[in-house]
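In terms of this note's numbering, the sequence shown is residues 1 to 229.
Worksheet: the structure to be examined is printed underneath.
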Amino acid sequence: METKQRTQLFIGAAFIVLIIGITVVLAAMSGSAKPITGKTSIQTTPVSSSDHVRGNASSSVSVIEYGDFECPACGAYEPIMQKLTQTYGDRVAFVFRQFPLYQIHPNAIISAQASEAASLQGKFWAMHDALYSNQDAWSTVSTDTVVKDKFDTYAQSIGLDVAKFNTDVVSQSIVANVQSQLSQGESINIDHTPTFFINGVEIDNPASADAFSKLIDAALAAATSAPKQ
Numbered sequence: 001m002e003t004k005q006r007t008q009l010f011i012g013a014a015f016i017v018l019i020i021g022i023t024v025v026l027a028a029m030s031g032s033a034k035p036i037t038g039k040t041s042i043q044t045t046p047v048s049s050s051d052h053v054r055g056n057a058s059s060s061v062s063v064i065e066y067g068d069f070e071c072p073a074c075g076a077y078e079p080i081m082q083k084l085t086q087t088y089g090d091r092v093a094f095v096f097r098q099f100p101l102y103q104i105h106p107n108a109i110i111s112a113q114a115s116e117a118a119s120l121q122g123k124f125w126a127m128h129d130a131l132y133s134n135q136d137a138w139s140t141v142s143t144d145t146v147v148k149d150k151f152d153t154y155a156q157s158i159g160l161d162v163a164k165f166n167t168d169v170v171s172q173s174i175v176a177n178v179q180s181q182l183s184q185g186e187s188i189n190i191d192h193t194p195t196f197f198i199n200g201v202e203i204d205n206p207a208s209a210d211a212f213s214k215l216i217d218a219a220l221a222a223a224t225s226a227p228k229q
């Protein structure tokens, strides 16, 4: 009986140790688990001298848009971007980077090239605005003729040297410029337009100018309260 009792006591003690061990392991796993925080936002490169900037290029707050001139969603957002630019003036850097969705928009590449060609004459934003305000008029025109049929008219209306514009729009340097911006966007896995970033961090597209303003205001407040380096 004595041997039997010792055996029972040993089994009981082993069972208790096992239970305690399992409890400790589960507690440790629970304590080390990371909370689910939603999707991880992608980041983009800081504003540089090669960017097209409205507002204050030196601002501590930037709003970067990767856009496509033929994209209807980008066109729908354009009034919001215009309003924000007027509201924040020189307090924010508003940046446009090319991300032509050429797979679904036949004139995305050539319209991007048109804006970059206009940039060589200091008129990027004027052409940017002309392309968006006339999006419905040129988006269905053949790529082979859209420059002559539509973009030349916009170039003339904003005061460009049209002959130079026609040369630049198909030049290797402009083609390479657009491709470089597209490749940069692809390298950070951008897959839609418009894609917006505030201070280099991707945001979910706001539903209105007011919703966008709240995000910008928060970034401005954070920049103001941040300690000076």
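All C-beta atoms in this analysis are idealised placements derived from N, C-alpha and C, irrespective of residue type, glycine included.
Selection Asp68, Ala126, Ser157, Ser180 evaluated against Leu101 yields Asp68 as nearest (Cα-Cα). The three-state reading of DSSP puts Gly159 in coil, since its state is none of H, G, I, E or B. Counting other Cβ atoms within 10 Å of its Cβ, Asp161 stays below 16 and is therefore classed as exposed.
DSSP places Val175 in the uninterrupted alpha helix (DSSP H) bounded by 172-187. Sequence-distant Cβ neighbours of Pro206 in its own chain, meaning closer than 6 Å and more than five residues away, are Phe212. Closest option to Trp125, judged by alpha-carbon separation, among Gln43, Gln98, Pro46, Pro194: Gln98.
The beta carbon of Ser59 lies closer than 8 Å to those of Asp90, Arg91, Val92, Ala93 in the same chain, with the five residues before and after it left out. By the beta-carbon neighbour count (other beta carbons within 10 angstroms, threshold 16), Asn199 is buried. Judged by DSSP secondary structure, Gln98 falls within the beta strand (DSSP E) whose first and last residues are 93-98. DSSP, reduced to helix, strand and coil, places Ile64 within a strand of the structure shown. Put simply, of Val47, Trp138, Gln43, Gln82 the residue whose alpha carbon is nearest the alpha carbon of Cys71 is Trp138. Between the C-alpha atoms of Ser62 and Asp210 there is a straight-line separation of about 17 Å. For the region 107-146, the continuous alpha helix (DSSP H) assignments of 4+ residues that do not extend past its boundaries occur at 108-119, 124-133, 135-138, in sequence order. When DSSP states are grouped into helix, strand and coil, Gln43 belongs to the strand group.
Rounded to whole angstroms, the Cβ separation of Ile188 and Thr44 is 6 Å, and the two are in contact under 8 Å. Gly75: member of the alpha helix (DSSP H) spanning 72-88, first to last residue. Shortest Cα-Cα distance from Ala114 to any of Ile190, Ala57, Asp149, Lys83 involves Asp149. The alpha-carbon separation between His52 and Ile64 amounts to approximately 10 Å. Contact between the region 140-149 and the region 72-88 is absent: fewer than three C-beta pairs spanning the two stretches fall below 8 Å. Scanning Lys123, Ala221, Thr85, Asp152 for the CA closest to the CA of Thr167 turns up Asp152.
With fewer than 16 other Cβ atoms from the protein chains shown falling within 10 Å of its own Cβ, Thr224 counts as exposed.
By the criterion of a C-beta distance shorter than 6 Å, Ala117 is surrounded in its chain by Phe165, Asp168, Val169, Ile174, once the five residues flanking it on both sides are discounted.
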